[in-house]
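Visitor: Next up is a structure, given as structure tokens.
Chains as they are written, first to last, in this note's numbering: chain E, 21 to 175; chain A, 928 to 1013.
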């Protein structure tokens, strides 16, 4: 039997515990769990990146994450969601955002993790400052970058 | 805590906008109540303010707010650079 569980939302300064997020969305009624991890990449917009500082408007970032989760659960009532986003300085390969979605069925679990990350990128007040191999840095502005448009998976 | 002294509105700044103004909070030279658009015009008169776009993202009490939204005394006001989470 599914039980009513509030989505787990966290903005964290330390390493994200992915196993605990999976735990949050798992129970005997769950048949599919998806995990999306965003990680720090070594290149962006043609520049070699050595690390990223994440800054957040903490209280609003948490309330937007909570609103995104609530909207997804409203659209898919049996969905279980757990989302954690990092703040602070991250090195290459570190997990900046983790989304675990649990549902009785795989389609909803897969759709929910995709919908959650797309919404996070659009409306959660978090910023990243990239450090480059040349020693300089820059704030990432997705409205100015050329190659960020996402192609649909299928029509 | 945001506080509003007479004739100004305290505004929270982040990331590239904090760099533009050299501060994480500024007192915008305008009295509440006013519209978001009027607040932005007032901010653009401050040193560094011309680096703000004419229509930046703004949150009032941690909720996204359009340019014609009203700001009242005591509101928590933030001017927000393009977000880049994930």
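Every residue, glycine too, gets a C-beta built ideally from N, C-alpha and C.
Quick caveat: nothing in here was measured; it's all calculated off a predicted structure.
1) Under a three-way DSSP split, which group does residue 1011 (chain A) fall into?
2) For residue 159 (chain E), return the contacting residues in chain A, with the cut-off set at a CB-CB distance below 8 Å.
3) Is the region 111-127 of chain E close to the region 57-72 of chain E, with three or more CB pairs under 8 Å?
4) Output the boundary residues of the alpha helix (DSSP H) element that contains residue 50 (chain E).
5) Quick one: what's got a C-beta closer than 7 Å to residue 135 (chain E)'s C-beta in the same chain, skipping five residues either side?
6) Given 8 Å as the limit, is there contact between the region 987-1003 of chain A and the region 945-956 of chain A, that is, 3 or more CB pairs closer than that?
7) With 16 other CB atoms within 10 Å as the buried threshold, where does residue 142 (chain E) fall?
8) List the residues of chain E that residue 986 (chain A) touches, going by C-beta distances under 8 Å, in chain order.
9) Using 8 Å as the limit for Cβ to Cβ distance, is residue 162 (chain E) near chain A?
10) Using a Cβ-Cβ cut-off of less than 8 Å, give me the residues of the region 104-127 of chain E that come near chain A, in sequence order.
11) For a contact meaning CB atoms closer than 8 Å, what does residue 951 (chain A) contact in chain E?
12) Identify whether residue 126 (chain E) lies in helix, strand or coil by the three-state DSSP scheme.
13) With respect to the beta strand (DSSP E) encompassing residue 91 (chain E), which residues constitute its N-terminal and C-terminal limits?
14) Between the Cα of residue 987 (chain A) and those of A:971, A:934, A:1011 and A:959, spot the shortest distance and give me the residue it belongs to.
15) Assuming residue 953 (chain A) and residue 994 (chain A) make a contact with CB atoms under 8 Å, what is their CB distance in whole Å?
16) Report yes or no: do the region 75-84 of chain E and the region 23-33 of chain E share at least 3 C-beta pairs separated by less than 8 Å?
17) Using 8 Å as the limit for Cβ to Cβ distance, is residue 955 (chain A) near chain E?
18) Listed in chain order, which residues of the region 85-104 of chain E have Cβ atoms closer than 7 Å to some Cβ of chain A?
Guide: For this structure:
1) coil
2) The answer, in chain order, is 942, 943, 946, 1008 and 1011.
3) yes
4) Element bounds for residue 50 (chain E): n/a, residue is neither H nor E.
5) 92
6) Per the Cβ contact rule, the region 987-1003 of chain A is not in contact with the region 945-956 of chain A (fewer than 3 Cβ pairs under 8 Å).
7) A residue is called buried once 16 or more other Cβ atoms fall within 10 Å of its Cβ, and residue 142 (chain E), having fewer, is exposed.
8) 77, 80 and 145
9) yes
10) Listed by position along the chain: 105, 116 and 117.
11) Within chain E, no residue comes near residue 951 (chain A); the closest Cβ sits about 10 Å away, beyond 8 Å.
12) helix
13) Note, residue 91 (chain E): premise wrong, no beta strand (DSSP E); alpha helix (DSSP H) at 78-95.
14) It is A:959 whose Cα lies nearest to the Cα of residue 987 (chain A).
15) The Cβ separation is near 19 Å, so there is no contact.
16) By the criterion of at least three beta-carbon pairs nearer than 8 Å, the region 75-84 of chain E is in contact with the region 23-33 of chain E.
17) no
18) none
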